[in-house]
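J.: So in the working numbering the end of the sequence shown lands on 525, straight run, no missing numbers.
Below is the structure I would like to discuss, written out as structure tokens.
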Amino acid sequence: MRAFITTFYEHSESLKALDCDIASDNPLLSAHLLRKVDSKTVQKLEQYRESQREPGADTHSLPKVTEIMTFLNLECSQIEDASLHSYSETKIPSTSSRPRVEKRVQFTSPKHMNLLATDVKVSSTTDAACFCCRKPGHKIYQCPLFKEKSPNERYNLAKSNQRCISCLGKHSIKECRSKNSCSTCHRKHHSLL
Numbered sequence: 333m334r335a336f337i338t339t340f341y342e343h344s345e346s347l348k349a350l351d352c353d354i355a356s357d358n359p360l361l362s363a364h365l366l367r368k369v370d371s372k373t374v375q376k377l378e379q380y381r382e383s384q385r386e387p388g389a390d391t392h393s394l395p396k397v398t399e400i401m402t403f404l405n406l407e408c409s410q411i412e413d414a415s416l417h418s419y420s421e422t423k424i425p426s427t428s429s430r431p432r433v434e435k436r437v438q439f440t441s442p443k444h445m446n447l448l449a450t451d452v453k454v455s456s457t458t459d460a461a462c463f464c465c466r467k468p469g470h471k472i473y474q475c476p477l478f479k480e481k482s483p484n485e486r487y488n489l490a491k492s493n494q495r496c497i498s499c500l501g502k503h504s505i506k507e508c509r510s511k512n513s514c515s516t517c518h519r520k521h522h523s524l525l
């Protein structure tokens with residue numbers, strides 16, 4: 333999903349550079365985006381819209397492109413954050429001669445993932461700030477200051493802040509679980525770098 337979001341933003345920015353802003357309120361693009369995501373995600377989007385909707389607002393309107401992309405970014409961030417916090421088998425050093433293996437529970441069912449993602453969302457939105465502009469409320473790939481920088485400057489900023497160059501998360505690339513690669517050169521780094 334992250335590759336889809338990144339590709340959308342790259343194409344959208346390219347069109348803006350050509351003075352062709354198609355993303356502001358385009359029902360055709362909204363319908364096309366909704367066809368690209370699975371039915372569960374569309375249902376979650378509707379639930380998200382219900383929670384954000386003001387009383388008396390139209391309940392049958394097609395979501396705007398910005399609304400869809402904001403939701404997809406939130407959903408993707410929750411999935412990525414949840415996958416960083418899932419557990420696996422780990423070896424614990426022991427004083428005895430044979431190693432002891434402690435088995436931890438790995439949450440794989442959607443029920444557990446949703447609970448974990450909700451917990452992570454609450455904690456990350458209260459204390460997380462963009463590592464480029466130091467302001468809370470948005471992720472690094474949404475930061476206007478970060479987007480203004482050259483790819484080389486963005487790479488150096490990510491490295492100096494000890495961020496993963498594959499997903500821009502708070503871990504090393506060796507620990508990264510993201511399967512995504514650059515949409516331009518297909519190497520193992522984030523498309524914005």
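Every residue, glycine too, gets a C-beta built ideally from N, C-alpha and C.
Below 7 Å between beta carbons: does that hold for H522 and L500?
T.: As a working note, residue 522 is residue 190 in the sequence shown. As a working note, residue 500 is residue 168 in the sequence shown. In this structure, L500 lies closer than 7 Å to H522 by Cβ.
J.: Counting C-beta neighbours from all protein chains within 10 Å, is the total for L477 16 or more, i.e. buried, or is it exposed?
T.: Within the sequence shown, numbered from 1, the residue matching residue 477 stands at position 145. Per the 10 Å Cβ criterion, exposed.
J.: Opposite A461 in the DSSP bridges: which residues?
T.: The count along the sequence shown starts at 1 and reaches residue 461 at position 129. Paired residues: P468.
J.: In chain order, which continuous runs of the alpha helix (DSSP H) of length 4 or greater are located wholly inside the segment 333-405?
T.: List check, alpha helix (DSSP H) in window: 334-349, 359-368, 371-384.
J.: Please identify the residue among L525, N405, H364, L365 whose C-alpha is closest to the C-alpha of T516.
T.: Locating residue 516 in the sequence shown gives position 184, where the first residue counts as 1. Residue L525 is the option with its Cα nearest to T516.
J.: For a test of the three-state rule: what should DSSP assign to C514, helix, strand or coil?
T.: Within the sequence shown, the letter at position 182 stands for residue 514. If DSSP states are grouped into helix, strand and coil, C514 belongs with coil.
J.: Where does S523 fall in DSSP's three states?
T.: As a working note, residue 523 is residue 191 in the sequence shown. Residue state, collapsed to three classes: coil.
J.: Taking the straight line between their C-alpha atoms, what separation do you get for R466 and N493?
T.: The residue labelled residue 466 in the question sits at position 134 within the sequence shown. The residue labelled residue 493 in the question sits at position 161 within the sequence shown. Their backbone Cα atoms lie some 12 Å apart in a straight line.
J.: Less than 8 Å between the CB atoms is what I'm expecting for F403 and L366, so what's the real figure, rounded?
T.: As a first step, residue 403 must be located in the sequence shown, where it is residue number 71. As a first step, residue 366 must be located in the sequence shown, where it is residue number 34. With 8 Å as the limit, F403 and L366 do not qualify as a contact, their Cβ atoms being about 11 Å apart.
J.: If we ignore side chains and look at the alpha-carbon of each, how far apart do S393 and S371 end up?
T.: Position 61 of the sequence shown, counting from 1, holds the residue named residue 393. Position 39 of the sequence shown, counting from 1, holds the residue named residue 371. About 18 Å.
J.: Taking a contact to mean a Cβ-Cβ separation below 7 Å, would you say S513 touches I505 in this structure?
T.: The count along the sequence shown starts at 1 and reaches residue 513 at position 181. The count along the sequence shown starts at 1 and reaches residue 505 at position 173. No, Cβ-Cβ distance for S513 and I505 is not below 7 Å.
J.: In terms of alpha-carbon separation, which member of A461, H518, H364, T373 lies closest to C408?
T.: Position 76 of the sequence shown holds residue 408. Ranking the options by Cα distance to C408, first place goes to T373.
J.: So the alpha helix (DSSP H) Y473 belongs to, where does it begin and stop?
T.: As a first step, residue 473 must be located in the sequence shown, where it is residue number 141. No alpha helix (DSSP H) holds Y473; DSSP gives it neither H nor E.
J.: Nearest to P359 by alpha carbon, out of S346, H343, T398, E382?
T.: By 1-based counting over the sequence shown, the position of residue 359 is 27. Closest option to P359, Cα to Cα, is T398.
J.: Specify the secondary structure class of R486 as computed by DSSP and reduced to three states.
T.: Counting from 1 along the sequence shown, the entry for residue 486 is found at position 154. If DSSP states are grouped into helix, strand and coil, R486 belongs with the helices.
J.: State the DSSP-derived secondary structure class of S498, mapped to helix, strand or coil.
T.: Residue mapping note: residue 498 aligns to position 166 of the sequence shown, counting from 1. Three-state DSSP puts S498 in coil, outside helix and strand.
J.: Have a look at H518, C508, K491, T339 and flag the residue whose alpha-carbon is nearest the alpha-carbon of F463.
T.: Within the sequence shown, residue 463 is the residue found at index 131, counting from 1. Considering only alpha carbons, the answer is K491.
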